[in-house]
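Participant: Residue numbers (UniProt numbering): 1 to 124.
Beta carbons are placed, not taken as given, at the ideal position from N, Cα and C, and that holds for glycine.
Here it is: the structure, laid out below.
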Amino acid sequence: FQNDQSMQDMQIMGGDDLSKLTGKVSFLCFLLLLFFMFSKDIVGTGRTMKVLLHNIGKYKPKMIKVASLLVKRTSRPDGYRPDYYGFEIPDLFVVGYALDYNEHFRDLNHICVINDHGKAKYRV
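Okay, structure coming up:
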């Protein structure tokens, strides 16, 4: 993201050779690869997860499960829904609890919506 817009380019880093996972029961962690259980902070459009799951699917794991702290409520019918999630939130840009806006607000110990004044002040 730059400001509150997706940059549309995606890179999968650290997963150069996942062939050791072929045929294994797997759980994925988005930030740290643990067994193959994905834990993602927020699912919006689901674009990131769709690409990631497609790439991991090439190695034919027995099972893939995805967990997310937040899922955005959207009107898009093609949105990805994780297997497990903590909270469903409105389709607004949120910060805090490791979610940032241009590298700001990541250290808040709560999650909140950033308003237009905050977006303008921290815009890059």
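Do the stretch 105-117 and the stretch 84-95 touch if we need at least three Cβ pairs shorter than 8 Å?
Facilitator: Yes: at least three Cβ pairs fall under 8 Å.
Participant: Just curious, the beta strand (DSSP E) that Ile56 is in, first and last residue?
Facilitator: Segment 47-57 is the alpha helix (DSSP H) holding Ile56; no beta strand (DSSP E) there.
Participant: Please name the residue or residues paired with residue 125 in a DSSP beta bridge.
Facilitator: The structure shown does not extend to residue 125, since the chain is modelled only from 1 to 124, so the question has no answer here.
Participant: Quick one: using the 10 Å Cβ neighbour count with 16 as the cut-off for buried, is Phe105 buried or exposed?
Facilitator: buried
Participant: Could you tell me which residues DSSP pairs with Val94 in its beta bridges?
Facilitator: In the DSSP assignment, the residues bridged to Val94 are Val113.
Participant: Exposed or buried, which one is Val124 when buried takes at least 16 other CB atoms within 10 Å?
Facilitator: So Val124 counts as exposed.
Participant: Do Tyr85 and Met49 count as a contact pair if the criterion is CB distance below 9 Å?
Facilitator: no
Participant: Let's test the definition: count the other Cβ atoms within 10 Å of the Cβ of Ser68 and tell me whether it reaches 16, buried, or not, exposed.
Facilitator: buried
Participant: Rounded to the nearest angstrom, what separates Asp83 and Thr74 at their Cα positions?
Facilitator: 17 Å
Participant: What does the Cβ neighbour count give for Val66, buried or exposed, with the cut at 16 atoms within 10 Å?
Facilitator: buried
Participant: Beta carbon of Lys72, beta carbon of Ile56: below 9 Å?
Facilitator: no
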